[in-house]
Amino acid sequence: MRFPKTRRSLEIFTSFVAAALLIAGIRLNFPKRHSAIAITYPDIIEPGQTLRILARGLSPGAEPGLSFLGAAHPFYRTGGGDYRALIGVPVDCKSGDYEWTLLDAAVRRATGASGSPQLPTPPWGSRVPGLSPWGSAGGRGPGSRFAVYVRPSRYPSAELSMPKGKMALTQDPRIQEAAALIRSKLTLETADQLWKGKFGAPLRGRLTEIYGTRRRVNRNAAWRIHRGQDIAAKAGSPVQAPNAGEIVLTGAFPLQGKLVILNHGQGVSSLYMHLESIAVREGQRVEAGELIGAAGTTGFSSAPHLHWGLYLHGEAVDPQTWLEFEF
Ligand SMILES: [Zn+2]
């Protein structure tokens, strides 16, 4: 379809993300000797990307949390004993300066003190006037506040054509119920990390529509954002688990067609749509590379392909980044 252009922009985009993460990592990895608690995160990020926040030096048993864009999210323990929060920056997030807040009770538990934690002043200051990344008002406030800048969106737009016969699916009365069920599975929070390392592609093939693309169907519907990655495939091509997890939903739905949702733990889920057939059952644990189904064109789809979505606490993020970085 729009393959060459999309592919090139994808490559440019991913190398940009790589550079941004590298720069952010260098900037934020200050030496440990400066503090008991070290918080590491990229303070510049794109909409639709994964904001990883690492907290080191918190006491075991602390249950830190954070708030970002009006929602509270947990930190989870990593294998190395640190705490990590993985937050999806919404794909439609407007560019600008934002803040996230380390939840106050968690900080107090972590430091074992009644006062504010002693956090260092980073050498680069803050992008937000009057807001120190390491605590509000000199570290005395309801919670330590951290600045993050969200860049302007760089995702492309595309026209999508759908056969007339498929358009009737958008009027199916079961759509709402299906959406609620799917959402309930994509927002599961379970304490154990089941995935290991980078994700692998669930299917090898060319990307026909990248995550974040603004699309409209048959030139007459409203613009919508594509919250996953489309991989072209011959009908029946094997779809493999990109990482270990537990199957939490299988079924057939009007728009999504045959669908599988995989829970990777700690609020990370992945979703597979338009399958021709499903090879797993709910409750089953799968390892990376294990067969979960076959690609097809069931539901609101015009040609055989796999729609692969990756969700953090119910927020869709760009799956491509998870192929290239270990979160
Ligand atoms: Zn798709």
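Position one of the sequence shown corresponds to residue 31 (the numbering used here), numbered consecutively onward. The C-beta atom is built at its ideal place from N, Cα and C for all residues, glycine as well.
What is the rounded straight-line gap between the Cα of residue i and the Cα of residue j?
| i | j | result |
| --- | --- | --- |
| Pro182 | Glu306 | 37 Å |
| Gln148 | Arg82 | In this predicted model, Gln148 has a pLDDT of only 36, less than 50, meaning its place in the structure is not dependable; the value taken from the coordinates is given anyway. The straight-line gap from Cα to Cα measures roughly 22 Å. |
| Gly109 | Ile205 | 39 Å |
| Asp122 | Leu99 | 12 Å |
| Gly227 | His335 | 26 Å |
| Ala135 | Val178 | With a pLDDT of 49 at Ala135, under the threshold of 50, the modelled position of this residue cannot be trusted; read the value that follows with caution. Cα-Cα distance, rounded: 22 Å. |
| Trp359 | Phe176 | It is not possible to answer for residue 359, since the shown part of the chain is limited to 31 through 357. |
| Arg254 | Pro193 | 18 Å |
| Tyr128 | Ser174 | 14 Å |
| Glu93 | Ala263 | 43 Å |
| Leu88 | Phe357 | 19 Å |
| Ala318 | Tyr241 | 22 Å |
| Gly171 | Asp222 | Confidence at Gly171 is low in this model, with a pLDDT of 33, below 50, so the placement of that residue should be treated as unreliable; the coordinate-derived value is given next. The alpha-carbon atoms of Gly171 and Asp222 are separated by roughly 32 Å. |
For residue i versus residue j, is the C-beta distance shorter than 9 Å?
| i | j | result |
| --- | --- | --- |
| Pro120 | Pro186 | no |
| Gly287 | Thr243 | no |
| Glu276 | Leu301 | no |
| Arg257 | Ala188 | no |
| Leu199 | Ser299 | no |
| Gly230 | Leu116 | no |
| Val14 | Ser125 | Summary: the structure shown does not reach residue 14, with the chain confined to residues 31 through 357, and so no result is reported for it. |
| Ile69 | Leu132 | yes |
| Phe283 | Ala333 | no |
| His304 | Ala274 | no |
| Leu224 | Arg114 | no |
| Arg245 | Ile261 | no |
| Tyr341 | Gly118 | yes |
| Gln201 | Gln259 | no |
If contacts are defined as beta-carbon pairs under 8 Å, then residue i and residue j qualify, I think. What distance do you get, rounded to the angstrom?
| i | j | result |
| --- | --- | --- |
| Gly297 | His343 | 4 Å |
| Glu312 | Leu289 | Wrong, their Cβ atoms sit about 12 Å apart, outside the cutoff. |
| Leu285 | Phe330 | 4 Å |
| Asn248 | Ser191 | 6 Å |
| Ala265 | Gly326 | 5 Å |
Within 8 Å: the Cβ of residue i and any heavy atom of ligand 1?
| i | result |
| --- | --- |
| Asp112 | no |
| His24 | Outside the modelled stretch of the chain, which goes from 31 to 357, sits residue 24, for which no answer is possible. |
| Asp122 | no |
| Gln259 | yes |
| Met303 | yes |
| Glu239 | yes |
| His337 | yes |
Report task. Check whether the stretch 92-106 touches the stretch 200-212, taking contact to mean three or more Cβ pairs, one atom from each stretch, closer than 8 Å. Result -> Output reads no: the stretch 200-212 does not touch the stretch 92-106.
Query raised in the report: Hey, is the stretch 317-332 in contact with the stretch 262-270, meaning 3+ C-beta pairs nearer than 8 Å?
Result: By the Cβ criterion, the stretch 317-332 is in contact with the stretch 262-270, since at least three pairs of Cβ atoms, one from each stretch, lie closer than 8 Å.
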